[in-house]
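Using my numbering, the first residue of the sequence shown is number 1, and each one after it goes up by one.
Okay, so here's the structure we're looking at.
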Amino acid sequence: MENKINSENLNGSTAPFNVEDFLIVEPKTFEDLKIGDIFRAPSRTLTDAHASAFQTVSCDNHPVHYDKEWAQKRGHSAPVVHGLQVLAFTAPGATLFPHYIGEVFIAFSGLSCQFLKEVHSGDTLYSALEIKALVPNGKIGTVIANVTVHNQNGDLVLLGEHQYLLRTQQG
């Protein structure tokens, strides 16, 4: 028996391939977004390997990030994960947000944050983006989102704000 490759879909139809069938979520426009919409990221547990990799990429060689003895002598329970690494957990791409707004996204235009508690290897982090303001301005709208990162104990370890520019339906 000859093994033939055909173009049948899973349901047996021979409909043409359509990339739109592979969207993870239904796209949204700027106008579809609402104040209070929340986009959460899956939890992630940091390991020593993550911290070491970030140290390599960031070129930050301060001993508080890798030397247990040094950190403990200065009042830390363990080496402290880089703050910028914790901030990276708030990247929109860590959530489904870019899948919703990919067609209208223009730029990630600003951010601010406060580091509220130390994060250590072994901590599990939970991040979320919550839309706090939508500012239409003709063809471009600004989305302002509160960003948070909590640890496995429910402690808020990072609080911040992001700004994104999106095309509006006028654009």
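Glycine included, C-beta positions come from ideal geometry on N, C-alpha and C.
None of the values given here were measured: they were computed from a predicted structure.
Those residues which DSSP pairs with Val157 across a bridge: Per DSSP, none; premise fails for Val157.
Identified DSSP bridge partners for Thr142: Val135 and Leu165
Start and end residues, alpha helix (DSSP H) containing Gly83: Residue range Gly83 to Ala88 is occupied by the alpha helix (DSSP H) that includes Gly83.
Enclosing alpha helix (DSSP H) for Ser58 [first to last residue]: Asp48 to Ser58
Check whether Ala51 and Val86 have beta carbons under 8 angstroms apart: no
C-alpha distance - Cys113 paired with Phe17, whole-angstrom precision: 44 angstroms
Host alpha helix (DSSP H) of Ile101 (start-end): Here the alpha helix (DSSP H) through Ile101 covers Phe97 to Ile101.
Alpha carbon of Ser13 to alpha carbon of Thr168, nearest angstrom: 37 angstroms
Host beta strand (DSSP E) of Gln114 (start-end): Membership of Gln114 in the beta strand (DSSP E) is indicated by the continuous run Phe105 to Phe115.
Residues near Lys139 in its chain [Cβ-Cβ closer than 7 angstroms; skip 5 each side]: Arg167, Thr168, Gln170 and Gly171
Asn137 burial status per 10 Å Cβ neighbour count (16 or more: buried): Around the CB of Asn137, fewer than 16 other CB atoms lie within 10 Å, so the residue is classed as exposed.
Within-8 angstroms CB hit, Lys34 to chain B: Note that chain B does not occur in the displayed structure, where there is just one protein chain.
Secondary structure of Val19, DSSP reduced to three states: Three-state result, Val19: helix.
Beta-carbon spacing of Phe30, Val104 below 8 angstroms: yes
Nearest-angstrom Cα separation, counted from Thr124 out to Leu46: One C-alpha to the other measures close to 6 angstroms.
Separation of Val157 from Pro42, as counted between CA atoms: 16 angstroms
Member of Asp37, Thr90, His99 and Pro98 whose CA lies at the smallest distance from the CA of Leu134: Asp37
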